[in-house]
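Have a look at the structure below before the remarks.
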Amino acid sequence: MRKLMSKTDADKKKRRSAYIIGGVFVFLMLLSTLGYAFTSSGQGGSGSTSTTKVDYNNYKFEYSNGYWTSNINGVNYIFQFNPKQTNTVSYEKGVINPINNYYSKPLYYSTGNDFALGDLATNLNPYVERIQEACFVEKDCPQDMIVKSCSDNFIIIKVNETNSIRQEQNCLIIEGKESDLSMLSDEALFNILGVK
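Using my numbering, the letters of the sequence shown correspond one by one to residues 3 to 198.
Take a look at the structure:
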């Protein structure tokens, strides 16, 4: 026969059982998360143990965790594409200012595609004084946004039917199809860094 319990004792027992079951579930979730993290980190996150490497103009690019990395002139850089991949996108090309034009100067940008700006901003950030959104002088600008021209270092990224990368004074203008803008941004970066 079972012993009779008061209502408070029964509630305490129920609560204790709930805490134990909850603790077991939390422990299992943590354990499975850790197991997944260790398993995927040992395999490059994709289930394969091989890394992809590409050589281009005496620069080595290595694909890891969804990005291409390279040490260029003693500095590590990160890209979405490697230089061989950017060769596949056709565009109208002009001369692009090298990295030394960006040293210790503010870099302004105007973009309709933040993703395409990502690699440029990440890789140029150590060299520039600051990176700041601005409005190009020829546009209708909001009152609270600073207005800049091509006398300043300015990156303009916009969607267009024709792919092009060109330099007008200090303005780097990257135009192209929405699907090509990230690749065009990396292509511009390869030119700025002297890889191409």
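Ideal Cβ placement from N, Cα and C applies to all residues, glycine included. Remember, predicted model here, so these are calculated numbers, not experimental data.
The shortest CA-to-CA distance from S112 to any of F83, I157, Q171 and Q87 is the one to I157. Per DSSP, S153 lies in no alpha helix (DSSP H) and is assigned neither H nor E. In its chain, beyond the 5 residues on either side, E177 and G178 have a beta carbon closer than 7 Å to the beta carbon of N162. E177 is bridged by DSSP to K160 and S166.
When the beta-carbon positions are compared, N115 and E180 come within less than 8 Å of each other. The alpha carbon of E140 has as its nearest neighbour, out of C152, P85 and L122, the alpha carbon of C152. Runs of the alpha helix (DSSP H) lying entirely within the segment 66-150, each at least 4 residues long, are 85-88 and 116-126 in chain order. In this structure K150 is buried. Its beta-carbon is surrounded by 16 or more other beta-carbon atoms within 10 angstroms. Here V197 is buried: its Cβ has 16 or more other Cβ atoms, across all protein chains shown, within 10 Å. With fewer than 16 other Cβ atoms inside 10 Å of its own Cβ, M31 counts as exposed. DSSP, read as helix, strand or coil, puts K62 in strand.
In the structure shown, K55 adopts extended strand secondary structure according to DSSP, grouped into three states. The continuous stretches of alpha helix (DSSP H) do not include M7, and DSSP gives it neither H nor E. Proximity of the segment 102-111 to the segment 130-148 meets the contact definition, three or more beta-carbon pairs being nearer than 8 Å. Note on geometry: alpha-carbon atoms of S106 and I23 lie some 58 Å from one another. Just so you know, the alpha carbons of I159 and I98 end up roughly 15 Å apart. The residues S72, I74 and V197, in chain order, have a CB closer than 7 Å to that of Y61 in the same chain once the five nearest residues on each side in sequence are set aside.
Here T164 is exposed. Its C-beta has fewer than 16 other C-beta atoms within 10 Å.
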